[in-house]
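Here is the structure we will look at, set down as structure tokens.
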Amino acid sequence: MNIIKFNENFPDEATCILQFKEQKDRIGVICPKCGCKEHYWLQNKLRYECKHCHYRQSLRSGTVMENSKLPFLYWYIAIHLLT
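Okay, so the sequence shown: first residue is 2 according to our numbering, each after it adds one.
See the structure below:
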């Protein structure tokens, strides 16, 4: 994919977040505290909340972006340039 096509597919932060969430949902989110596979999505906080123990984990949890404050769009650009 060239940079022009990349910019068409991922024009802004919201698009990157939506795509990343869809990928994470497809893989499955498991609560690190109790192991439950059911969760709520807290859109305004970009976090999952376990339906069983109510533990919250960020969308970035368990990824290379876990402790990063950079926007998803920056990460997507960097990953695109590295591949």
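Positions of the beta carbon are idealized from the N, C-alpha and C atoms, including for glycine. Nothing here was measured: the structure is a model prediction, and the numbers come from that model.
>> Suppose you measure from the CA of phenylalanine 11 to the CA of asparagine 3; what does that come to, to the nearest Å?
In response: Looking up residue 11 in the sequence shown gives position 10. Looking up residue 3 in the sequence shown gives position 2. Near 12 Å, if we compare the C-alpha coordinates of asparagine 3 and phenylalanine 11.
> According to DSSP, which residues form a beta bridge with cysteine 17?
Replying inline: Here residue 17 refers to the residue found at position 16 of the sequence shown. Paired residue(s): none; cysteine 17 is not in a bridge.
>> In the DSSP assignment, the alpha helix (DSSP H) including histidine 40 goes from what residue to what residue?
In response: Against the sequence shown, residue 40 aligns to sequence position 39. Careful: histidine 40 lies outside any alpha helix (DSSP H), inside the beta strand (DSSP E) at 40 to 43.
> If you pair each beta-carbon of the stretch 18 to 38 with each one of the stretch 47 to 62, do three or more pairs fall below 8 Å?
Replying inline: yes
> CB phenylalanine 73 to CB phenylalanine 21, shorter than 8 Å?
Replying inline: The count along the sequence shown starts at 1 and reaches residue 73 at position 72. The count along the sequence shown starts at 1 and reaches residue 21 at position 20. Cβ distance < 8 Å, so phenylalanine 73 and phenylalanine 21 count as in contact.
>> Looking only at its chain, what residues have a beta carbon closer than 7 Å to the beta carbon of serine 59, apart from the 5 residues adjacent to it on each side?
In response: Residue 59 sits at position 58 when you count from the first residue of the sequence shown. Around serine 59: Leu47 and Arg48.
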